[in-house]
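>
2 protein chains.
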Amino acid sequence: MKIVVLKFGGTSVGDLNRIKKVSKIIISYIKKKYKVIVVSSAMSGVTNDLIIKSKKITQNFDKAEYDVLVSSGEQISCALISGYLKSLGYNSKSYMGWQVPIITDLNYSDSKIIKIKTNQIMKHLKIGGIAVVAGFQGVNIENRVTTLGRGASDYSAILLSKYFKAKKCVIYTDVEGVMTTDPKLISQATKIKEISYEEMLEMSSLGSKVMQTNSVQDARLNRIDVHVRSSFTNRSGTLITKKNNIKNNKIIRGISFTKNDAKITLVGVKDRPGIAASIFEPLSKNNINVDMVVQNISANGSETDITFTVKNEDLKKSVKTLKKNNLFKYKKILVDDKVSKVSIIGVGMITTPGVTYRMFKSLSKKKINILVISTSEIKISVLIKRSNVKKAVAALHKEFNLSKV
Amino acid sequence: MKIVVLKFGGTSVGDLNRIKKVSKIIISYIKKKYKVIVVSSAMSGVTNDLIIKSKKITQNFDKAEYDVLVSSGEQISCALISGYLKSLGYNSKSYMGWQVPIITDLNYSDSKIIKIKTNQIMKHLKIGGIAVVAGFQGVNIENRVTTLGRGASDYSAILLSKYFKAKKCVIYTDVEGVMTTDPKLISQATKIKEISYEEMLEMSSLGSKVMQTNSVQDARLNRIDVHVRSSFTNRSGTLITKKNNIKNNKIIRGISFTKNDAKITLVGVKDRPGIAASIFEPLSKNNINVDMVVQNISANGSETDITFTVKNEDLKKSVKTLKKNNLFKYKKILVDDKVSKVSIIGVGMITTPGVTYRMFKSLSKKKINILVISTSEIKISVLIKRSNVKKAVAALHKEFNLSKV
Numbered sequence: 001m002k003i004v005v006l007k008f009g010g011t012s013v014g015d016l017n018r019i020k021k022v023s024k025i026i027i028s029y030i031k032k033k034y035k036v037i038v039v040s041s042a043m044s045g046v047t048n049d050l051i052i053k054s055k056k057i058t059q060n061f062d063k064a065e066y067d068v069l070v071s072s073g074e075q076i077s078c079a080l081i082s083g084y085l086k087s088l089g090y091n092s093k094s095y096m097g098w099q100v101p102i103i104t105d106l107n108y109s110d111s112k113i114i115k116i117k118t119n120q121i122m123k124h125l126k127i128g129g130i131a132v133v134a135g136f137q138g139v140n141i142e143n144r145v146t147t148l149g150r151g152a153s154d155y156s157a158i159l160l161s162k163y164f165k166a167k168k169c170v171i172y173t174d175v176e177g178v179m180t181t182d183p184k185l186i187s188q189a190t191k192i193k194e195i196s197y198e199e200m201l202e203m204s205s206l207g208s209k210v211m212q213t214n215s216v217q218d219a220r221l222n223r224i225d226v227h228v229r230s231s232f233t234n235r236s237g238t239l240i241t242k243k244n245n246i247k248n249n250k251i252i253r254g255i256s257f258t259k260n261d262a263k264i265t266l267v268g269v270k271d272r273p274g275i276a277a278s279i280f281e282p283l284s285k286n287n288i289n290v291d292m293v294v295q296n297i298s299a300n301g302s303e304t305d306i307t308f309t310v311k312n313e314d315l316k317k318s319v320k321t322l323k324k325n326n327l328f329k330y331k332k333i334l335v336d337d338k339v340s341k342v343s344i345i346g347v348g349m350i351t352t353p354g355v356t357y358r359m360f361k362s363l364s365k366k367k368i369n370i371l372v373i374s375t376s377e378i379k380i381s382v383l384i385k386r387s388n389v390k391k392a393v394a395a396l397h398k399e400f401n402l403s404k405v
Numbered sequence: 406m407k408i409v410v411l412k413f414g415g416t417s418v419g420d421l422n423r424i425k426k427v428s429k430i431i432i433s434y435i436k437k438k439y440k441v442i443v444v445s446s447a448m449s450g451v452t453n454d455l456i457i458k459s460k461k462i463t464q465n466f467d468k469a470e471y472d473v474l475v476s477s478g479e480q481i482s483c484a485l486i487s488g489y490l491k492s493l494g495y496n497s498k499s500y501m502g503w504q505v506p507i508i509t510d511l512n513y514s515d516s517k518i519i520k521i522k523t524n525q526i527m528k529h530l531k532i533g534g535i536a537v538v539a540g541f542q543g544v545n546i547e548n549r550v551t552t553l554g555r556g557a558s559d560y561s562a563i564l565l566s567k568y569f570k571a572k573k574c575v576i577y578t579d580v581e582g583v584m585t586t587d588p589k590l591i592s593q594a595t596k597i598k599e600i601s602y603e604e605m606l607e608m609s610s611l612g613s614k615v616m617q618t619n620s621v622q623d624a625r626l627n628r629i630d631v632h633v634r635s636s637f638t639n640r641s642g643t644l645i646t647k648k649n650n651i652k653n654n655k656i657i658r659g660i661s662f663t664k665n666d667a668k669i670t671l672v673g674v675k676d677r678p679g680i681a682a683s684i685f686e687p688l689s690k691n692n693i694n695v696d697m698v699v700q701n702i703s704a705n706g707s708e709t710d711i712t713f714t715v716k717n718e719d720l721k722k723s724v725k726t727l728k729k730n731n732l733f734k735y736k737k738i739l740v741d742d743k744v745s746k747v748s749i750i751g752v753g754m755i756t757t758p759g760v761t762y763r764m765f766k767s768l769s770k771k772k773i774n775i776l777v778i779s780t781s782e783i784k785i786s787v788l789i790k791r792s793n794v795k796k797a798v799a800a801l802h803k804e805f806n807l808s809k810v
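The listed protein sequences derive, respectively, from chains A and B. Mind the numbering: the first sequence is residues 1 to 405 in my numbering, read in order. Mind the numbering: the second sequence is residues 406 to 810 in my numbering, read in order.
(1) Checking the sheet assignment: what are the DSSP bridge partners for B:M584?
(2) Who are the Cβ neighbours of B:D719 in its own chain at under 8 Å, not counting the five residues just before and after it?
(3) Determine the contact status of A:I121 and A:N222, defining contact as a CB-CB distance below 9 Å.
(4) Which runs of the alpha helix (DSSP H) fall wholly inside the region 700-741 of chain B and span at least 4 residues, in chain order?
(5) Going by C-alpha to C-alpha distance, which of A:M1, A:T238, A:D105 sits closest to A:K126?
(6) Quick one: what's got a C-beta closer than 8 Å to A:T181's C-beta in the same chain, skipping five residues either side?
(7) Counting only beta-carbon atoms, is B:Y489 nearer than 9 Å to chain A?
(8) Relative to the C-alpha of B:G642, which residue among B:K458, B:I591, B:M697, B:M584 is closest?
(9) Any contact between the region 545-552 of chain B and the region 486-499 of chain B? By contact I mean 3 or more CB pairs, one from each, below 8 Å.
(10) Measure from the alpha carbon of A:E176 to the alpha carbon of each residue in A:K191, A:A166, A:K165, then state which is nearest.
(11) Apply the 10 Å Cβ neighbour rule to B:D454 and answer buried if 16 or more other Cβ atoms are within range, or exposed otherwise.
(12) Can you tell me which residues form a DSSP beta bridge with B:T646?
(13) Any idea if B:L732 is buried or exposed, counting beta-carbon neighbours within 10 angstroms, 16 or more meaning buried?
(14) At what residues does the alpha helix (DSSP H) containing B:I462 begin and finish?
(15) Counting only beta-carbon atoms, is B:K770 nearer than 9 Å to chain A?
(16) Mind pulling the chain B residues with CB within less than 8 Å of A:Q75?
(17) Output, in chain order, the set of chain B residues within a Cβ distance shorter than 7 Å of A:K53.
(18) Check whether the Cβ atoms of A:F400 and A:G346 lie closer than 9 Å to each other.
(19) Does DSSP classify A:S111 as helix, strand or coil?
(20) How should A:A79 be labelled, buried or exposed, when 16 other C-beta atoms within 10 angstroms of its C-beta is the threshold for buried?
(21) Three or more C-beta pairs under 8 Å: does that hold for the region 705-715 of chain B against the region 671-686 of chain B?
(22) Using a Cβ cut-off of 8 Å, which residues of the region 236-254 of chain A contact any Cβ in chain B, in chain order?
(23) Would a C-beta distance cut-off of 9 Å place B:A416 and B:S459 closer than the cut-off?
(24) At a Cβ cut of 9 Å, what residues of the region 85-105 of chain A count as close to chain B, listed as they run along the chain?
(25) For A:K165, tell me which candidate among A:K365, A:K117, A:M200 has the shortest Cα-Cα distance.
(26) Extract the residue ranges of the beta strand (DSSP E) inside the region 126-172 of chain A, only unbroken runs of 3 or more that lie entirely within it.
(27) In chain order, what residues of the same chain lie with their CB nearer than 6 Å to the CB of A:K243, ignoring the 5 residues before and after it?
(28) Determine the burial state of A:E198: buried for a count of at least 16 other Cβ atoms within 10 Å of its Cβ, exposed for fewer.
(29) Quick check on DSSP: helix, strand or coil for B:R763?
(30) May I have the straight-line CA-CA distance separating B:S558 from A:S71, to the nearest angstrom?
(31) What is the residue span of the beta strand (DSSP E) that B:Y366 lies within?
(32) So, is B:L511 buried or exposed, given that buried needs 16 or more other C-beta atoms within 10 angstroms?
(33) In or out: A:G128 buried (at least 16 other Cβ within 10 Å) or exposed?
(34) Using a Cβ-Cβ distance cut-off of 9 Å, determine whether B:N524 contacts chain A.
(35) Measuring CA to CA, which of B:Y577, B:N524, B:S592 is closest to B:R640?
(36) List the endpoints of the continuous beta strand (DSSP E) containing A:F257.
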């Protein structure tokens, strides 16, 4: 059977006209002889309204009942899609999590899928039916409704693709795909046609606008090819797939950047074994996420400077935490909340020497000073002054030919 | 086990403050050592909004998906009640139709309950839990969601009372109970403390403001005592029970009246066997409901006058249908759309002679002309000029001492 899983996000089913529009997309697959499993999110705004209700009634709303409450959003969108498809003569049926069933663990509000039973929907697909499945929800062995965490309709779609051995999984959203960089910053940004799971995971904000990071990871683990595209246009989107499937193997796939980093430098720290742990442990205990870290080699062997980045919103708390410490000594703390991290991402860099050099040279040509560097196998990140971000991204976008599709 | 079923209508759970208020009512029963089963309607307005959505998307919305759609309303109200109760430390659990399960027939949008399985909820009640059950919905043997028809949360409550052998069934609504007559017309109207099922069924508009007629019938068949009362005050309401339970056996329990009747008289109809059928068959085929009917004895044996009432909105269609006929002959049609039916209702009249006489005499004293009369065992109805309604109801209310509680 040629099964396709089509997932529609909240804006794609945002109003009744949108529901008619996605129904037409669904029908286009039926006409291409696909067996169609639809996964729908709640109509945009609905889930938020329900969450606000739960918070207004009590700040201490029960998680299990929260799941009953918010899962009603997908019930509405799925019934509307399925009811409309039936009115057009298609044999459509909506399936809530408990009807599939999509069996989850016993956690509430952030459950994981344990197993999806396929026989009910398979029977329906075999007779030419369309299955419209509620995303974001499941049922546990205690026969209680569970939800998979916010945005987890992507997760539902990936796991349905796995259990139904779908030929195709298409995530319809309100953006056209993954871009080489933010087109709001650089007008030359282009849509990436193909990207590997690993690259997608490193794309951070560029990728997360398109698909939830956890779900990319699930797609990677289950080797599900995912097409992300817009339900608002007919243009093709981005294929997220395994490295070996990608024909157009560019060295660099995209450039991401942050807008809310802050740099902290501890000057003149007494150097001794375990000093880094002493510094970062209290930050971690206070839920402060430390990103880039550099420790300068101490000139005289007894003192060192340690620089790292945190999110802007954590800056005050970080400094307060560091000042409270009595585990290590330092001369002073310097902070800079006007920095940004710019990263180039691409699996191609593993096999291509000189990428780092090209990056640094491009930036130096533009007189952009690099404050901190960090590298992984498929990503090189530099910390620079925030005012230089546009210039830096433009230079790198040109250097690595990202405007050419 | 001392089980109570508490049903809350849409206005009773109309907003978050109302949900807090009904939670307090629920807790008051827990404090009185009741095992509590709550049945909730959707928050007022929610079901209508969903119905409008289904109609806007297509006039031909599938009934099965309609049920999936509108049943989400009770899911929201039940989750909010149950989540709030849990935040207050009570062991509450919401139950959708499929979780109880409340098993219905295979019809959609107007399903009947076949069976309610009690073991799941019973287990929960035994450990001191509160069960918050979604009214108006069930599940059929095909594992599809069904709904029981509009207003059918009353039906859910009655049948839950039956299957759980509840000691008490309380219908909380936005009126204080059943009134002797409409207090908007007659300020002396008082609340009826006790009423028999049969009287309640005959109370038409007076009763239907309080409880759905079908559900009164279900309560009667299953001998469930039903208390109807307001969730907005602490005042006691009306007990609907079997005749023999009623202590205060008044002759007349209440006075109902209509506002939209019309009278049609066919003058000079050629009299022959089967003539009435010839007249009423085409009306019935056009879905026109005929209420009171009188046929005058024909003076010369060959001609007769036939008078009957229809709803005002059916008057034009009725006259058109009658004029189109070729099954019977008549001289002319007279119509009067300014008439009302006034009825006195009471099981006591069966054993009390002279009730009819007292009714007619009261009206005649006020110079009110009776146009048509119809009687049943527990109800006497007269058709009068609409302008006389207030005078008539006031006279009868006084005649039968209805102001005395």
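Virtual Cβ for every residue (Gly too), placed ideally from N, Cα, C.
The answer reads as follows:
(1) Under DSSP, B:M584 forms a beta bridge with B:K596.
(2) A667, I693, N694
(3) Against a cut-off of 9 Å, the Cβ pair of A:N222 and A:I121 comes out as no contact.
(4) 720-729
(5) Closest in alpha carbon position to A:K126, among A:M1, A:T238, A:D105, is A:M1.
(6) A189, L206, G254, I255, S256, F257, V393, H397, L402
(7) yes
(8) B:M584
(9) no
(10) Ranking A:K191, A:A166, A:K165 by Cα distance to A:E176 puts A:K191 first.
(11) exposed
(12) B:S601
(13) exposed
(14) For B:I462, the enclosing alpha helix (DSSP H) begins and ends at 451-462.
(15) no
(16) Residues of chain B passing the Cβ test: V473, L474, S476, S477, Q480.
(17) L421, L485
(18) yes
(19) It is coil, neither helix nor strand.
(20) Looking at its Cβ environment, which holds 16 or more other Cβ atoms inside 10 Å, A:A79 is buried.
(21) yes
(22) Listed by position along the chain: nothing, the set is empty.
(23) Looking at the sequence itself, residue 416 of chain B is Thr, so the reference to Ala does not match. No.
(24) L85, K86, S87, L88, S92, K93, S94, M96, W98, Q99
(25) For the options A:K365, A:K117, A:M200, the alpha carbon positioned closest to that of A:K165 is the one of A:K117.
(26) 130-134, 137-139, 145-147
(27) The residues are S196, V347.
(28) When all chains shown are included, A:E198 counts as buried.
(29) Reduced to three states, the DSSP call for B:R763 is helix.
(30) 21 Å
(31) No information on residue 366 of chain B is available, as it lies outside the stretch 406 to 810 that chain B covers here.
(32) exposed
(33) Answer is exposed; the Cβ neighbour count stays below 16.
(34) Residue contact check for B:N524 against chain A: no CB pair falls below 9 Å.
(35) B:Y577
(36) Start and end: 254-257.
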